[in-house]
Each structure stands twice: as C-alpha cells, then as structure tokens.
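In this note's numbering, the protein residues as written are 348 to 468.
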C-alpha cells in the first residue's frame with residue numbers, strides 16, 4: 348500500500364535516553380502532578396492511589412507520568428495532536444555501544460522484512 352505524498356497525518360517517532368541524577372526529585376515532581384490533577388477533579392481516588400504507588404516504586408513510571416507528548420507539540424502552529432502513546436523503562440545504557448548509535452534509522456528496514464517487494468509495471 349502506498350501513502351499519498353500530500354497526507355495530512357505525520358507519525359513523529361522520538362526516542363530519548365535520560366540520565367536520572369535525583370530519583371527523589373523525579374518522584375516528588377510526579378507526585379505533585381498527581382496531587383494537582385486530583386485537586387482539579389480530573390483523577391478519581393482509585394486511579395490516584397494506583398498512580399501514586401506506580402511513581403513511588405519506579406522512577407521510569409514517574410518519568411512517564413511527567414513527560415507528555417502533548418506538551419511537546421502544543422505550541423506548534425498549524426497542527427493538532429490526533430493520537431499519542433508513550434512508555435518508559437529502565438535500561439542498561441552504554442554510549443559506546445553500536446546499539447545506541449543515533450545516526451541509524453532504528454531498524455526501520457525490519458518493519459518490511461516479511462513484505463514482498465513492489466515492482467512498478
């Protein structure tokens with residue numbers, strides 16, 4: 348299936364590796380955000396309790412709670428965020444490993460390995 352050249356939708360892929368110097372500060376910021384959302388009435392008590400437990404036990408969860416794709420694009424003129432998903436995980440990071448080379452396409456060829464080549468005719 349081909350994509351029209353003038354499609355209105357764009358998928359923006361972004362990967363960040365963050366070094367956490369102060370887990371307590373990250374956790375506290377996430378807890379403050381949860382508290383603020385609860386105070387505004389946007390977070391039911393059961394969901395609040397679950398979120399507080401998750402961000403307290405896992406720094407990666409706290410970061411996922413703090414980083415919002417909408418915040419990244421909300422000031423960009425001429426666009427509307429249609430859909431977003433994100434996740435976080437603790438990883439082993441070696442900046443000298445070829446696995447972390449930012450110049451690569453991140454395995455985009457792998458997405459098409461099982462497809463038959465398309466020929467113009």
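We treat Cβ as the ideally placed atom computed from N, Cα and C, and that holds for glycine.
- The beta carbon of residue 398 sits closer than 6 Å to those of 381, all from its chain and outside the five residues before and after it, given in chain order.
- For residue 364, the CB contacts under 8 Å within the same chain, skipping 5 residues up- and downstream, are 438, 440, 447 in chain order.
- By the neighbour-count criterion, in which 16 or more other beta carbons inside 10 Å mark a residue as buried, residue 374 falls on the buried side.
- The alpha-carbon separation between residue 357 and residue 422 amounts to approximately 17 Å.
- For the options 434, 445, 389, the alpha carbon positioned closest to that of residue 410 is the one of 434.
- Relative to residue 378, the option among 359, 408, 417 whose CA is nearest is 408.
- Residue state for residue 416 is assigned as helix, using DSSP reduced to three classes.
- For residue 390, the number of other beta carbons within 10 angstroms of its own is at least 16, and it is reported as buried.
- Inclusion of residue 417 and residue 401 in the CB contact set at 9 Å is not warranted, their separation being larger than that value.
- The straight-line gap separating the alpha-carbon atoms of residue 429 and residue 355 is approximately 11 Å.
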